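Positions 389 to 772 (this note's numbering) are the ones given, in order, by the sequence shown.
Glycine residues also receive a C-beta, built at the ideal position from the N, C-alpha and C atoms.
This structure is a prediction, so every number in the text was calculated from the model and none was measured.
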Amino acid sequence: MATMLGGPLLLLYLIIRCEKNQCVLFQLPVVLPNHLSAYFSSTAALLVFGFISLMYLFSSSKPSNARKMQGLPPSFMALLIMSLIMVGLTWFKPEAISIAHGEYLRLFSVTLAFGIALNTLIFLLAQANIIAKERDYCFPMAFFFGNRTQVMVGRVELKYFLYANVGLVAWGILDLLILLNAVLEESVTPSLLLIAVSQYVYVAHQLLFENFLRSRPFVELEGLGFFWIMRVLLYQPYLHSLPAFYAATTGVELTKPALMANCVFFLFGFVIYISSLHQKENFVADPVAYKNFKSLPYYQGKRVMVSGYWGLVQKPDYLGYMIMWMSWSLACGINGLTVLVLLIVYASTIFMMFQTTKLKQLKYGSAWNRYMNLVPYKLIPNIF
């Protein structure tokens with residue numbers, strides 16, 4: 389809990405470090421802006437609320453299930469359209485990209501204030517029984533963990549909307565903004581290009597196959613509270629785009645062998661990540677097509693696969709994700725700041741892994757215990 393509460397302040401500090409080109413973590417003196425205009429501006433507020441409003445329009449105008457199966461998910465289309473708009477601005481109105489990039493710190497501060505205000509509003513509405521409670525938590529737990537797992541705003545389910553349509557799309561757009569600004573300044577480095585492009589590809593894949601996102605246990609079961617809102621509105625876009633921001637600010641350069649090795653490292657993690665996800669989801673959708681794969685019954689007639697990636701470790705997708713993050717950190721060079729960010733991401737990923745395991749144990753009981761007996765290792769075969 390202390391990490392989640394102190395996380396926004398730590399992330400703010402890291403952004404200031406990079407924005408002021410003080411990217412050596414323990415470099416002194418630390419120059420912290422002490423005037424309000426350094427953290428808030430009308431431009432930043434307009435960008436944040438305009439973006440969220442636009443994402444809401446995309447999400448609320450989603451097609452019917454029949455059309456959705458044939459077309460592209462609205463969140464993926466939103467990413468593409470926003471990307472095309474930004475590329476067009478780079479060509480026809482480049483000063484707009486420079487202005488938006490200069491608001492990076494203020495964008496974070498406005499998003500933080502919006503997240504706290506939104507969570508407080510949801511909490512008060514639940515306490516006043518205007519929003520029906522699903523969980524009867526005490527006062528502090530209700531604020532931090534949320535009394536509800538779903539809140540509808542018109543046609544949009546708010547928790548998933550903040551996760552996919554806001555958090556993930558914002559991550560991809562921030563990476564693109566940083567890259568386009570570097571293009572305008574003629575300061576693109578191979579490290580920045582690797583980080584921005586690979587992260588954008590990762591985000592695009594997530595949104596293109598958003599059925600993977602909806603079926604994740606923490607998406608289904610976690611409450612809409614402070615922890616969720618901070619995770620999806622702050623950590624997902626801003627912490628994840630921090631390697632690109634760092635690479636653009638410092639102009640870090642890698643040797644060609646190191647750059648090639650890092651590309652291979654990213655592809656290795658990405659292949660593990662997407663292959664394990666597709667293997668799992670395709671099995672769930674059509675178990676007959678995978679009848680040669682070993683599986684066992686675990687819940688209401690469903691089966692869980694214990695072959696392929698999922699027969700080696702319990703969380704191969706988490707392993708792939710952690711390998712990708714290692715490649716993004718290495719692309720920034722080894723220093724205190726990048727190591728700290730990597731440790732934060734790894735700690736939160738491992739925490740989420742144990743949280744997900746606990747949720748599945750509570751939901752599936754002895755069936756999940758049988759799976760863990762067959763696949764005892766969580767991330768690394770024969771080690772952990």
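Counting C-beta pairs with one atom in each stretch, the region 530-544 and the region 468-477 have fewer than three that are closer than 8 Å, which means they do not touch.
Isoleucine 738 and methionine 710 have their C-alpha atoms spaced approximately 10 Å apart. Taking a contact as a CB-CB distance under 8 Å, the pair isoleucine 617 and glycine 503 counts as one, their CB atoms being some 5 Å apart. DSSP lists Pro685 as the beta-bridge partner residues of arginine 691. Boundaries cannot be given for glycine 459, as no alpha helix (DSSP H) includes it and DSSP labels it neither H nor E. The alpha-carbon of valine 640 is positioned some 7 Å away from that of glycine 721.
The C-beta of glutamate 598 has 16 or more other C-beta atoms within 10 Å across all chains shown, which makes the residue buried.
Taking 8 Å as the cut-off, the Cβ atoms of valine 701 and tyrosine 765 count as close. The DSSP-derived three-state label of valine 539 is coil. Given a length threshold of 4 residues, each whole run of the alpha helix (DSSP H) inside the region 541-605 is given here in chain order: 557-572, 578-596, 598-602. The three-state secondary structure of threonine 643, taken from DSSP, is coil.
Ranked by Cα distance from lysine 481, the first of Asn507, Leu581, Asn569, Glu491 is Asn569.
Out of Asp674, Val591, Lys751, Leu562, the CA that lies nearest to the CA of leucine 609 is found in Lys751. With contact defined as three or more Cβ pairs closer than 8 Å, the region 629-639 and the region 578-587 are in contact. If the five residues before and after valine 620 are omitted, its C-beta is found closer than 6 Å to the C-beta atoms of Leu550, Tyr551, Gly555, all from its own chain and listed in chain order. For the pair valine 436 and threonine 499, the CB atoms are nearer than the 8 Å cut-off. Taking all protein chains in view, the Cβ of glutamate 491 is crowded by 16 or more other Cβ atoms within 10 Å, so the residue is classified as buried. By the C-beta criterion, the region 716-734 is judged to be in contact with the region 638-653, since at least 3 inter-stretch pairs fall below 8 Å. Rounded to the nearest angstrom, the gap between the Cα atoms of tyrosine 427 and alanine 501 is 11 Å.
For glycine 708, the uninterrupted alpha helix (DSSP H) run begins and ends at 704-718, by DSSP. Straight-line measurement puts the Cα of alanine 433 at about 15 Å from the Cα of alanine 558.
Asparagine 422 sits exposed, since fewer than 16 C-beta atoms from the chains shown fall within 10 Å of its C-beta.
By the Cβ neighbour-count rule, methionine 540 is exposed, with fewer than 16 other Cβ atoms within 10 Å of its own. Judged by DSSP in its simplified three-state form, isoleucine 403 adopts helix. By the Cβ-count criterion, tyrosine 401 is exposed, with fewer than 16 other Cβ atoms from all chains shown falling within 10 Å of its own Cβ.
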